[in-house]
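Numbering (my numbering), first residue to last: 25 to 392. Backbone N, C-alpha and C fix where the C-beta goes; we use that ideal spot for every residue, glycine too.
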Ligand code: FAD
Ligand code: UDP
C-alpha cells in the first residue's frame, strides 16, 4: 500500500492528525514503539475501574470547538478536579483558595486573606519575580510557598525552585472564593469508559493502518525514503541525533496497587507536598468516575531524572533548554518532509486540549 503519511506516535497529537488526514481521503500509517495506542492518555480497565496508566488525566478547555470536537469520540462525565494537599498530615484544599487560606491562617474573608498575602509578599521584598520561588511567594505568600509549593515542586522537577521558570506555578489558579475547582476552564470532565476509546475511534478508518511495538529509530532511513510526509511526535532532539546536545526532560515512575477496600483516600488526587515523601501524588482512579466497586486501585507517582531510554513525560522549559530547542526547530523548519508535533516534538508543556488544537491547526495547513 502506498501511504500519504507516516505518523510516528499514536498519542493524542498523532491520532488527531491521522483522523483528520483520513477524513481528507489520505492513506496513513501510524507506528508506536509502545505495545498500546494512545501515548500518555492511555487508560485500561482493572477491577472494572478505568486506570489512568500514565497519571491523572482530566480534560479541560475554554474552547467550545475543542470541547465539541473531543465529545465526538466519547461522552464526558461531570468530574471536577479538586485535589487535596497533604503536608506532613495536615490537609489543605487546592488550588489556592479561601478554603486553603482559612485552614492555614484562620482568615474568613477575601480582604483578610489578601492582607495576609500582601504582608508576606512585602516582607519577602520581591519587586519583579525572576523564578518560580519568587513568583509563588508574590502570588500566595511565604507560608503557602513553604508548605504547599516548595517541596512538591523541587521533587517534581529535581531542581531548586529558584532555578525553575515562573510559568509552571502560574498553571494553578489563585482564588479569593471558596471554590476548589483546580481549573478555570468552562468545560471539564473525564470520558466515561476511559480515554483509549477516543484514540481507537480516531484511528478506526480503513485508510489508517497501525503498527505497535515499532520504533521509528530502528528504520529511520527506510522511513525517510518510503514516505513523502512524516508527522513525528517523539523527542525532537533524538530525531536529530542529539547534535546540539540533549534537551532536558523529567521522567516518572508509576506504582499501582489493587486494594481490597472500597475507598482508600476519599479523593481522586492527593498531593504530598513535603520534600521527604518520595512520591508527588497518589491517585485513586475510581473517584474520577464516582465508582462504587468493592475494590479500589491506587497509583503513586514518583518523579525521576530522565536519562536516555526512559520515557520523557515533561519537557523542562527553562531558558537554557528553550534556546537549545530553538536550534532544533530551525533544523526542523529547514526541511518539509517531516513535521514535528505534540509535547515532545514541539518541546512544550502542552495539555490535551492544546495538543488537539495544535494537531487541528497542522491538519488545516496540510489539507486546506
Ligand atoms: P504522547 O502522549 O507522549 O504520545 C507520543 C507517542 O509517540 C507515544 O505513544 C510514544 O510511545 C510514541 N513515540 C515516541 N517516540 C517514538 C518512536 N521513536 N517510535 C515510535 N513511537 C514513538 N493533560 C491534560 O489536559 N490534563 C491532565 O490532567 C494531564 N495530566 C497529565 C499527567 C501526566 C503525569 C502527564 C505526563 C501528562 C499529563 N497531561 C495532561 C498532558 C497530556 O498527557 C499530553 O498533553 C498529551 O498526552 C500529549 O500527547 P502527544 O501525542 O503529544 O504525546
Ligand atoms: N504544584 C505545587 N504544589 C501542588 C501542585 C502543583 O507546587 O500541590 C506546582 C508544581 O511546581 C507543579 C506545578 O505546580 O509542577 C503545576 O502543577 P500541575 O498540577 O499543573 O502539574 P501536572 O499535572 O502537569 O504535573
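Exercise for the section: Can you check the segment 147-224 for any alpha helix (DSSP H) of at least 4 residues that lies completely inside it and give the ranges in chain order? Expected result: 156-164, 174-181
Problem - For residue 286, the nearest candidate out of 319, 309, 294, 208 (CA to CA) - result: In the chain shown, counting from the first residue as 1, residue 286 sits at position 262. Considering only alpha carbons, the answer is 319.
Exercise for the section: Buried or exposed for residue 8, please, with buried defined as at least 16 other CB atoms from any protein chain shown within 10 angstroms of its CB. Expected result: Because the chain in this structure spans residues 25 to 392, residue 8 falls outside the shown range and cannot be described.
Practice task
Flag residue 208 as yes if its beta-carbon sits less than 7 Å from any beta-carbon of chain C, otherwise no.
Solution key: The chain inventory of the structure shown lacks chain C, comprising one protein chain alone.
Practice task
Identify, in the order they occur along the chain, each residue of the same chain with its Cβ nearer than 7 Å to the Cβ of residue 213, setting aside the five sequence neighbours on each side.
Solution key: As a working mapping, residue 213 is identified with position 189 in the chain shown. These residues qualify, in order along the chain: 83, 100, 101, 102, 103.
Practice task
From the DSSP output, in three-state form, read off residue 137 for me.
Solution key: In the chain shown, residue 137 corresponds to position 113, counting from 1. Residue state, collapsed to three classes: helix.
Handout entry: Minimum C-alpha distance to residue 196 - residue among 179, 184, 187, 169
Key = Within the chain shown, residue 196 is the residue found at index 172, counting from 1. Looking at the Cα atoms, 169 is the closest of the given residues.
Exercise for the section: Tell me, please, which residues DSSP counts as bridged to residue 32. Expected result: Here the question's residue 32 lines up with position 8 in the chain shown. In the DSSP output, where bridge partners are listed per residue, residue 32 has 55, 256.
Exercise for the section: May I ask you to check if the CB of residue 196 is nearer than 6 Å to at least one heavy atom of the ligand UDP? Expected result: The count along the chain shown starts at 1 and reaches residue 196 at position 172. Correct: residue 196 has its Cβ closer than 6 Å to the ligand UDP.
Practice task
Please state if the CB of residue 305 and the CB of residue 291 are separated by a distance shorter than 7 Å.
Solution key: In the chain shown, residue 291 corresponds to position 267, counting from 1. In the chain shown, residue 305 corresponds to position 281, counting from 1. Cβ distance not < 7 Å, so residue 291 and residue 305 don't count as in contact.
Problem - beta-carbon residue 177 near the ligand UDP non-hydrogen atom, thresh 6 Å - result: Residue mapping note: residue 177 aligns to position 153 of the chain shown, counting from 1. Residue 177: yes, Cβ under 6 Å from the ligand UDP.
Handout entry: Proximal residues to residue 110 (C-beta, below 6 Å), its chain only, five neighbours per side dropped
Key = Your numbering for residue 110 matches position 86 in the chain shown. Contacts found: 294, 296.
Exercise for the section: With hydrogens ignored, establish whether the beta-carbon of residue 295 is closer than 6 Å to any heavy atom of the ligand UDP. Expected result: Looking up residue 295 in the chain shown gives position 271. Answer for residue 295: yes, Cβ within range of the ligand UDP.
Exercise for the section: Check whether the Cβ of residue 109 sits closer than 6 Å to any heavy atom of the ligand UDP, and report yes or no. Expected result: In the chain shown, counting from the first residue as 1, residue 109 sits at position 85. The answer is yes for residue 109.
Exercise for the section: Determine the DSSP secondary structure at residue 45, reduced to helix, strand or coil. Expected result: Here residue 45 refers to the residue found at position 21 of the chain shown. The DSSP-derived three-state label of residue 45 is helix.
Practice task
Quick one: residues in its chain with C-beta nearer than 6 Å to the C-beta of residue 125, no 5 flanking neighbours on either side, listed in chain order?
Solution key: Numbered from its first residue, the chain shown carries residue 125 at position 101. Excluding the 5 residues flanking it on each side, residue 125 has same chain C-beta neighbours closer than 6 Å at 131, 137, in chain order.
Practice task
Assuming residue 32 and residue 333 form a contact by the criterion Cβ under 8 Å, report the distance between their Cβ atoms to the nearest whole angstrom.
Solution key: Here residue 32 corresponds to residue number 8 of the chain shown, with the count starting at 1. Here residue 333 corresponds to residue number 309 of the chain shown, with the count starting at 1. Not a contact, Cβ separation roughly 17 Å.
Practice task
Taking residue 193 and residue 144 to be in contact with their CB atoms under 8 Å, please state how far apart those CB atoms are, rounded to whole angstroms.
Solution key: Taking the chain shown and counting its residues from 1, the one referred to as residue 193 is at position 169. Taking the chain shown and counting its residues from 1, the one referred to as residue 144 is at position 120. 15 Å between Cβ atoms; not a contact.
Handout entry: residue 180 CB to nearest heavy atom of the ligand UDP below 6 Å
Key = Counting from 1 along the chain shown, the entry for residue 180 is found at position 156. Yes, since a heavy atom of the ligand UDP falls inside the 6 Å radius drawn around the Cβ of residue 180.
Problem - Segment contact flag, the segment 67-74 with the segment 41-53, C-beta cutoff 8 Å, min 3 pairs - result: no
Handout entry: Cβ pair residue 78, residue 51 closer than 7 Å
Key = In the chain shown, the residue the question calls residue 78 occupies position 54. In the chain shown, the residue the question calls residue 51 occupies position 27. Cβ atoms of residue 78 and residue 51: not closer than 7 Å.
Exercise for the section: With a threshold of 6 Å, establish whether the CB of residue 201 neighbours any heavy atom of the ligand FAD. Expected result: As a working note, residue 201 is residue 177 in the chain shown. Taking non-hydrogen atoms of the ligand FAD into account, the C-beta of residue 201 is found less than 6 Å away from none of them.
Problem - Nearest-angstrom Cα separation, counted from residue 380 out to residue 47 - result: For the purposes of this step, residue 47 is taken as the residue at position 23 of the chain shown. For the purposes of this step, residue 380 is taken as the residue at position 356 of the chain shown. Spanning the two alpha carbons is a distance of roughly 16 Å.
Handout entry: Beta carbon of residue 62 nearer than 7 Å to that of residue 173
Key = Position 38 of the chain shown holds residue 62. Position 149 of the chain shown holds residue 173. Cβ distance not < 7 Å, so residue 62 and residue 173 don't count as in contact.
Practice task
On the DSSP bridge assignment, give the partners of residue 81 in chain order.
Solution key: Position 57 of the chain shown holds residue 81. The partner list for residue 81 (beta bridge, DSSP) is empty, contrary to what the question assumes.
Practice task
Given a cut-off of 7 Å, decide if residue 220 and residue 271 are closer than it, judged by their beta-carbon atoms.
Solution key: For this step, residue 271 is matched to residue 247 along the chain shown. For this step, residue 220 is matched to residue 196 along the chain shown. Against a cut-off of 7 Å, the Cβ pair of residue 220 and residue 271 comes out as no contact.
Practice task
Going by DSSP, name the residue or residues bridged to residue 76.
Solution key: The residue labelled residue 76 in the question sits at position 52 within the chain shown. Residue 76 is bridged to 67.
Exercise for the section: Using only the heavy atoms of the ligand UDP, determine whether one of them is closer than 6 Å to the beta carbon of residue 173. Expected result: In the chain shown, counting from the first residue as 1, residue 173 sits at position 149. Checking the Cβ of residue 173 against the ligand UDP gives yes.
Problem - For residue 293, the three-state DSSP class (helix, strand or coil) - result: To locate residue 293, count along the chain shown from 1; it is residue 269. DSSP places residue 293 in strand when its eight states are reduced to three.
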